[in-house]
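First comes the structure, then the notes that go with it.
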Amino acid sequence: MAKQRKQPTKQAGWMLAVMFNSLLILLPVIAANTVKQAYEGVGVAEQPTIDAIIQTRERINEAFEDLAPNEASRKLPFWQDKVQRALEEKDVDALRGYLLAAPPMLGKDLGKQVRARAEAETKGTADERLIRAALQKMPESIARAIEYEIGMPQSQAAPPVGAAAEAEIAPGEEIGEVLEAGVRPELDWRFRLLGSYGDLAGMSQRWISGDWSDSIVFKLTGIGLVQQGNSDGLSDANIRAVSIVKSASRSKRLTPGFTAYFDARAGEAVPREVLTPALEAALKDLATTEVRGARVREAFQKSIDPAGLVRLETDLEQIDKIATLTSPTAALTLLSYVEDGTDLRRARMLTEAGGMQAVALVKERGTEALRVADAGVRWDNSMVLEIMSLTAAGMLLFWVALSALRIYFPKRKPKAELIGA
809 MAKQRKQPTK QAGWMLAVMF NSLLILLPVI AANTVKQAYE GVGVAEQPTI
859 DAIIQTRERI NEAFEDLAPN EASRKLPFWQ DKVQRALEEK DVDALRGYLL
909 AAPPMLGKDL GKQVRARAEA ETKGTADERL IRAALQKMPE SIARAIEYEI
959 GMPQSQAAPP VGAAAEAEIA PGEEIGEVLE AGVRPELDWR FRLLGSYGDL
1009 AGMSQRWISG DWSDSIVFKL TGIGLVQQGN SDGLSDANIR AVSIVKSASR
1059 SKRLTPGFTA YFDARAGEAV PREVLTPALE AALKDLATTE VRGARVREAF
1109 QKSIDPAGLV RLETDLEQID KIATLTSPTA ALTLLSYVED GTDLRRARML
1159 TEAGGMQAVA LVKERGTEAL RVADAGVRWD NSMVLEIMSL TAAGMLLFWV
1209 ALSALRIYFP KRKPKAELIG A
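This is how it looks when you write it as structure tokens:
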């Protein structure tokens, strides 16, 4: 009888042990999936989601609210001082950013007034309406000076892409080179941004001589000129992004971290061990500048690694998107705070959510402003179910452990007392 009673106990203990070990394996898997579900694609994705953009926009507003003084009476003078300082420095991008950030910086009452006036406007884009409404809170003379500085009201005719890129560059910030003679008119803007084959041949000669000091500019120029013959829109975007990175590199506005990161990216697209022998073969014979340039371009084309180029194009797409959402000069400003690919995606997220407000925010908070784009946990139905699954698995593990303890360490029955002893 004792053996019959012990058999079910051993069988139950064996099943509990199997359940316990299974739950120990499943719990980390469920927890990892929960974390992945919470953070993947939110804040630093290559293609931002709508939820991430909305959350980032809210956090941008919160950042500007924290930037302003707590006292309601000081908010307006503080904001006016920021706007006026940007006007004096002729920083058009930051000026637009502070004007667009007026509602959160001015507080509830004044912020509501600015929003109401912007909604009552009928002309122009949403940003233009908000800027006009914000200018109502500035002294008349300063407001007129701001309108002149930022070009409001803007003309209805939009300039072509190449012209827009050139018009937005501040004096002394070169984006592009001189136009090569004999280039087809429809490619003029591309060559202005990239440079000529003769320039590339000269840089190639310095490269094979051991001068690698400006490798980012050299590699990007070669890649851009190889792609300039393509007519698809993606290549156009890459060329614009290349011109921005070249300008930032030459003006020493890239951080050391991002310089190393982007140099590695460009190196993956055109490996040095492949490119150098190809250039040496292309330049070994004497020839005219035109012929040398054509040979160097062909050497680059043969040296490009397709997989590495795809990775480089991913970053170039982010940079072009930043410039499209703001301006080339704003993109230069944001790039000066970027350290790696994650920061680059954060900068793109900031511009997706706040436009020119991103420029004003990085002016105030520097690299820390990029962390605003980490939108955090996305609390939707899927996330709630993940948390519930994790909680249920944890409770079941606790129950199994408790049941096992009861089986292997049963509670002793109290000893019977002798009656009449």
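Those letters in the sequence shown? Residues 809 to 1229, by our numbering. C-beta atoms are modelled at their ideal positions from N, C-alpha and C, and glycine is treated no differently.
Exercise. Cα separation between ARG1156 and ASP1182?
Worked result: Each residue's alpha carbon lies about 12 angstroms from the other.
Practice task
Can you tell me the Cβ-Cβ gap for PHE828 and VAL1208, rounded? I've got them flagged as a contact below 8 angstroms.
Solution key: 5 angstroms
Can you tell me the Cα-Cα spacing of MET946 and ASP1148, whole angstroms? 39 angstroms
Classify ASN878: buried if its beta carbon has 16 or more other beta carbons within 10 angstroms, exposed otherwise.
That one is exposed.
Requested in this report: Below 7 angstroms CB to CB, which residues in the same chain sit around ARG865 once its five sequence neighbours on both sides are set aside?
Outcome: Closer than 7 angstroms at Cβ, skipping near neighbours: ALA1161 and GLY1162.
To which residues of the same chain is THR1134 closer than 8 angstroms at the C-beta, ignoring the five residues directly before and after it?
Counting only Cβ-Cβ distances below 8 angstroms, and skipping sequence neighbours, we find ASP901, LEU1142, THR1159, GLY1163, MET1164, ALA1166 and VAL1167.
Exercise for review: Have a look at SER1043 and ALA1074 and give me their C-alpha separation to the nearest angstrom.
Suggested key: 16 angstroms
Problem set entry | Own chain residues within Cβ distance below 7 angstroms of ALA1086, not counting five before or after | ALA1107, LYS1110 and SER1111
| Quick one: Cα of GLY984 to Cα of ALA1045, how far? | Confidence at GLY984 is low in this model, with a pLDDT of 40, below 50, so its placement is unreliable and the value that follows should be read with caution. If you take the alpha carbons of GLY984 and ALA1045, they lie about 15 angstroms apart.
### Query
In chain order, what residues of the same chain lie with their CB nearer than 7 angstroms to the CB of GLN888, ignoring the 5 residues before and after it?
MET946
**Request:** Using a threshold of 7 angstroms, state whether the C-beta atoms of ARG1103 and ALA1090 are closer than that.
**Result:** yes
Name the residue from THR1067, SER881 and LEU1028 whose alpha carbon lies nearest to the alpha carbon of VAL1050.
LEU1028
What's the C-alpha gap between PHE1070 and ILE1024?
-> 7 angstroms
- Item | Reduced DSSP secondary structure (H/G/I, E/B, other) of PRO877 | coil
Exposed or buried, what is LYS890 when buried is set at 16 or more other beta-carbons lying within 10 Å of its beta-carbon? buried
List in chain order: all unbroken alpha helix (DSSP H) runs of 4+ residues lying wholly within the stretch 875 to 942.
880 to 896, 900 to 908 and 910 to 928
- Hey, could you find the ends of the alpha helix (DSSP H) GLN1035 is sitting in? That run of the alpha helix (DSSP H) goes 1023 to 1035.
key: Three-way DSSP call (helix, strand, coil) for ILE1112 in this model   = Note: ILE1112 maps to coil in three-state DSSP.
Q) My guess is that ILE1052 and LEU1140 are in contact by the Cβ rule of under 8 angstroms, so how many angstroms apart are they, rounded? A) 6 angstroms
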